[in-house]
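Chains as they are written, first to last, in my numbering: chain A, 9 to 342; chain B, 4 to 377.
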């Protein structure tokens, strides 16, 4: 009974919070008006609202809400999948160096092309390149132990972090540097439908890959011999998980900057709720992650006139919340 | 093992050689410094600095707009032997290069990635070096290296946009000994301010009548940053009867979203010279995901790019008295009916002894996007 309730809640909560979020923002739109505007997209309703109200709801808030949920859910399932795969609760989706790589790509993008579509493509490409680099160091041989991959990821991250610092060092301090610094802290401030079209499909594909693999992840936590005896190709599975998580993380970074903390804590919260079976942890992570980042982004765009970078809020609000959960449950999971 | 020693010895001797070179350079520069006639001035870090009375070579670093102040205070850029690469870029995109081409002979190689390379600066050997007051460490280091350094402050708590310029003009007058020119410019600035205040008072402009204005500092597809309180834009607006919509909620420069801009819905938008965006870009709504057509200033075609004269007009440049008149007219076109074209020609003729053509005036009022780049 209880698990059924949780299941319903996990499915409906993102939808409810998403709908309520449309009413949140600096520009005041009446709740009824907001519902009318949404409905008018499907059924004809006489327009009693201003064009500006419609723009706010349809072009400013809606794409942003969808993106926040996609990225939040995506980063969380990627984190959950990695934590399952590496059998390590301290792992986050950027462990293999994707975020640092994509962040570096974005920094050069901003430096040479400004904050633009070209920048997003470079970020995405660099994220992929970083993963390739990690493989080159740690994962070429078939039977390489998995910790080699983690080490290689640490090396890659360090390298690309240094390159980011180099770009910042070279950037003009009046204009480019503040842009890069701000961007690296993560923001959905200028999220648009074109961002949704660029990154959305990739994130969805990544989520689907991980979702399909969710029950097999349990096998990965067994020893490799045991897994082989069950007839599962461990190597292939690892590749698929990494591919899915990389797609999500690199696309997320390319449109919203580096959003820390979400991919690390949400899987833990999911495990507190549904237990440690990856078959349930992964879907639950999507739902909780989507709601979490959406709420964070709502705060980011409405607390003050200035946009507050997402990474600041995910950590400042996430850390105490997580600490309380830890104290209460005594880390009772896994 | 033996090899290691060899390496160590080799590198040690190279190091010694290098150190030796550095030292001899310093000595040379000290010898070259004129000691005959000097005077004491107090810079903006409250340091007493001994400077030569006769100046024929100066350099300036992180204090980016100061070359334009120097030019307006002395009507010459001949003395300037070195400027910051960013200043150089601004100068080479501005009208200054036509008025006083010698600015383009200034060296920029003593600044690399925003840091002063002391050895290069010593080689350049300026009599006085001007640096921004916030770089106290650099100022200290330069002083230790025997380079006479004057610190200038860009920060001001004053609401008067001409405050910084006036301070620098006064100090420059003390340094060069030529005080009448700087004093005259300060007088013109103050007169312009008074004219604006009087006109606004006469017209009985109340808070409700004032235009609500937004200053767009940095802008692109992915970033909308506005300037609020404690910024130049805020000071210009205070002096020209505009209400800064961001003043209460934004301190300094902050990124905002479109929704916030709809909420402010400004009557007028000014775009700084630090960004490539042009008014037409907003009119044509070319930015993905940003619908500017809903904003009042865009609907009424009241989006203005700030001019670029001998320097960008957004920070207090040598043209600052003109900026006051320009903005007052944009804020209240029906109250301030003077011809800016003539105003600017008169000013340039009077202070820079230069006759602007109509095309040049046009260029100053419509700076290219290129000029925003460094």
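Just so it is clear, CB atoms sit at the ideal spot from N, CA and C, and this is done for glycine as well.
For clarity, every value in this text was computed on a predicted model and none was experimentally measured.
Mind listing, in chain order, the continuous alpha helix (DSSP H) runs of no fewer than 4 residues lying wholly within the region 172 to 244 of chain B? Runs of alpha helix (DSSP H) with 4 or more residues, each lying fully within the region 172 to 244 of chain B, are found at 183 to 205, 235 to 242, listed in chain order.
Kindly indicate which three-state DSSP category residue 273(B) falls into: helix, strand or coil? Along the second chain, one-based indexing puts residue 273(B) at 270. In the structure shown, residue 273(B) sits in a strand (DSSP, three-state: E or B).
Quick one: Cα of residue 201(A) to Cα of residue 155(B), how far? Within the first chain, residue 201(A) is the residue found at index 193, counting from 1. Within the second chain, residue 155(B) is the residue found at index 152, counting from 1. Approximately 47 Å, taken between the alpha carbons.
List the residues of chain A whose Cβ lies closer than 8 Å to the Cβ of residue 292(B), in chain order. Translated into positions along the second chain, residue 292(B) becomes position 289. The answer, in chain order, is 67, 71, 198, 199, 200, 201, 202, 203.
Opening and closing residue of the beta strand (DSSP E) in which residue 257(B) lies: Within the second chain, the letter at position 254 stands for residue 257(B). That run of the beta strand (DSSP E) goes 256 to 258.
Step through the CB atoms of chain A and report whether any lies within less than 8 Å of the CB of residue 274(B). Along the second chain, one-based indexing puts residue 274(B) at 271. Residue 274(B) does not count as touching chain A.
Give a yes or no on whether 8 Å exceeds the smallest Cβ distance from residue 371(B) to chain D. Given the protein chain composition of this structure (A and B), no chain D is represented.
Contiguous alpha helix (DSSP H) assignments of at least 4 residues, all confined to the region 221 to 276 of chain A: Counting whole runs of 4 or more residues, the region 221 to 276 of chain A contains the alpha helix (DSSP H) stretches 225 to 228, 232 to 237, 242 to 264.
Starting from the C-beta of residue 86(B), find all residues in its chain whose C-beta is less than 6 Å away, skip the five residues before and the five after it, and write them out in chain order. Along the second chain, one-based indexing puts residue 86(B) at 83. The beta carbon of residue 86(B) is closer than 6 Å to those of 63, 70, 109 in its chain, skipping five residues each way along the sequence.
Distance check for residue 248(A) and residue 140(A), CA to CA, integer angstroms please. Indexing the first chain from 1 puts residue 140(A) at position 132. Indexing the first chain from 1 puts residue 248(A) at position 240. Cα atoms of residue 140(A) and residue 248(A): separation of roughly 14 Å, rounded to the nearest angstrom.
Measure from the C-beta of residue 309(A) to each C-beta in chain B and report whether the shortest distance is under 8 Å. On the first chain, position 301 is the one that residue 309(A) refers to. At a cut-off of 8 Å between beta carbons, residue 309(A) contacts chain B.
Close Cβ partners of residue 142(A) (< 6 Å) along its chain, the five nearest in sequence each way excluded: Counted from its first residue, the first chain places residue 142(A) at position 134. Counting only Cβ-Cβ distances below 6 Å, and skipping sequence neighbours, we find 104, 105, 160, 161, 164.
The region 191 to 221 of chain B: positions lying closer than 7 Å to chain A by Cβ: Contact annotation: in the region 191 to 221 of chain B, residues whose CB is within less than 7 Å of a CB in chain A are 221.
Quick check on this structure: which residue in 296(A), 110(A), 309(A), 132(A) has the alpha carbon closest to the alpha carbon of residue 210(A)? By 1-based counting over the first chain, the position of residue 210(A) is 202. That would be 132(A), whose Cα lies nearest to the Cα of residue 210(A).
Are there 16 or more other CB atoms within 10 angstroms of the CB of residue 361(B), so buried, or fewer, so exposed? For the purposes of this step, residue 361(B) is taken as the residue at position 358 of the second chain. Flag for residue 361(B) reads exposed.
Between which two residues does the alpha helix (DSSP H) containing residue 182(A) stretch? Looking up residue 182(A) in the first chain gives position 174. It is not in any alpha helix (DSSP H) - residue 182(A) carries neither H nor E in the DSSP assignment.
Would you report the Cα separation of residue 317(B) and residue 332(B), rounded to the nearest angstrom? Numbered from 1 along the second chain, position 314 holds the residue referred to as residue 317(B). Numbered from 1 along the second chain, position 329 holds the residue referred to as residue 332(B). Rounded to whole angstroms, residue 317(B) to residue 332(B) spans 16 Å at the Cα level.
Proximity winner among 144(B), 142(B), 152(B), relative to residue 60(B) (alpha-carbon distances): To locate residue 60(B), count along the second chain from 1; it is residue 57. Among 144(B), 142(B), 152(B), the Cα nearest to that of residue 60(B) belongs to 152(B).
Counting only runs that start and end within the region 29 to 53 of chain A, where is the alpha helix (DSSP H) found for 4 or more residues in a row? For the region 29 to 53 of chain A, whole alpha helix (DSSP H) runs of length 4 or above, ordered along the chain, are 39 to 48.
For residue 43(B): DSSP bridge partner residues: Position 40 of the second chain, counted from the first residue, corresponds to residue 43(B). Within the DSSP secondary-structure output, residue 43(B) pairs in a beta bridge with 53(B).
8 Å Cβ shell around residue 80(B) - same chain, five flanking residues per side excluded: Walking along the second chain from the start, residue 80(B) turns up at place 77. A distance below 8 Å between beta-carbons, with the five flanking residues on each side excluded, links residue 80(B) to the following residues of its chain, in chain order: 70, 73, 74, 99, 103, 105, 106, 109.
Using the Cα positions of residue 27(A) and residue 292(B), report the straight-line distance between them to the nearest angstrom. Reading the first chain from its first residue, position 19 is the one you call residue 27(A). Reading the second chain from its first residue, position 289 is the one you call residue 292(B). Near 21 Å, if we compare the C-alpha coordinates of residue 292(B) and residue 27(A).
Within 10 angstroms of the Cβ of residue 20(A), are there 16 or more other Cβ atoms? Answer buried if so, exposed if not. Taking the first chain and counting its residues from 1, one reaches residue 20(A) at position 12. Per the 10 Å Cβ criterion, exposed.
Taking the continuous alpha helix (DSSP H) assigned at residue 343(A), which residues delimit it? Residue 343(A) falls outside the range modelled here, since chain A spans only 9 to 342, and no answer is possible.
Where does residue 163(A) fall in DSSP's three states? Taking the first residue of the first chain as 1, we reach residue 163(A) at position 155. Note: residue 163(A) maps to helix in three-state DSSP.
Would you tell me roughly how many angstroms separate the C-alpha atoms of residue 378(B) and residue 198(A), rounded to the nearest one? Outside the shown range of chain B, which is 4 to 377, sits residue 378(B), and nothing can be said about it.
Does residue 180(A) come within less than 8 Å of chain B when only Cβ atoms are used? Along the first chain, read from residue 1 onward, the residue named residue 180(A) stands at position 172. By the rule that beta-carbons nearer than 8 Å mark a contact, residue 180(A) touches chain B.
Against chain A, does residue 232(B) count as a neighbour if the rule is that its beta carbon must be under 8 Å from one of theirs? For this step, residue 232(B) is matched to residue 229 along the second chain. So no, residue 232(B) is outside the interface.
From what residue to what residue does the alpha helix (DSSP H) around residue 365(B) run? Taking the first residue of the second chain as position 1, residue 365(B) is located at position 362. Here the alpha helix (DSSP H) through residue 365(B) covers 361 to 368.
Beta-carbon contacts of residue 208(A) that lie in its chain and below 7 Å, excluding the five residues immediately before and after: Against the first chain, residue 208(A) aligns to sequence position 200. Contacts found: 78.
Residue 132(B) bridges to which residues according to DSSP? Within the second chain, the letter at position 129 stands for residue 132(B). Answer is 62(B), 152(B), bridged to residue 132(B).
Ignore the nearest five residues each way along the sequence and tell me which others in residue 336(A)'s own chain have a CB closer than 6 Å to its CB. Along the first chain, one-based indexing puts residue 336(A) at 328. Excluding residues within five positions, none has a Cβ falling inside 6 Å.
Distance cutoff 8 Å, beta carbons only. Does residue 277(B) sit that close to anything in chain A? Residue numbering aside, residue 277(B) sits at position 274 when the second chain is read from its first letter. Output row for residue 277(B): interface = yes.
Give the straight-line distance between the Cα atoms of residue 201(B) and residue 43(A), rounded to the nearest whole angstrom. Here residue 201(B) refers to the residue found at position 198 when the second chain is read from its first residue. Here residue 43(A) refers to the residue found at position 35 when the first chain is read from its first residue. Roughly 51 Å separates the two Cα atoms.
What residue from 313(B), 312(B), 283(B), 311(B) has the CA that sits closest to residue 300(B)'s CA? Counting from 1 along the second chain, the entry for residue 300(B) is found at position 297. A check of alpha carbon separations from residue 300(B) across 313(B), 312(B), 283(B), 311(B) identifies 283(B) as the nearest.
I want to verify the contact list: residues of chain B whose CB lies under 8 Å from the CB of residue 59(A), in sequence order. Taking the first residue of the first chain as 1, we reach residue 59(A) at position 51. Going along chain B in sequence order, the residues near residue 59(A) (Cβ under 8 Å) are 297.
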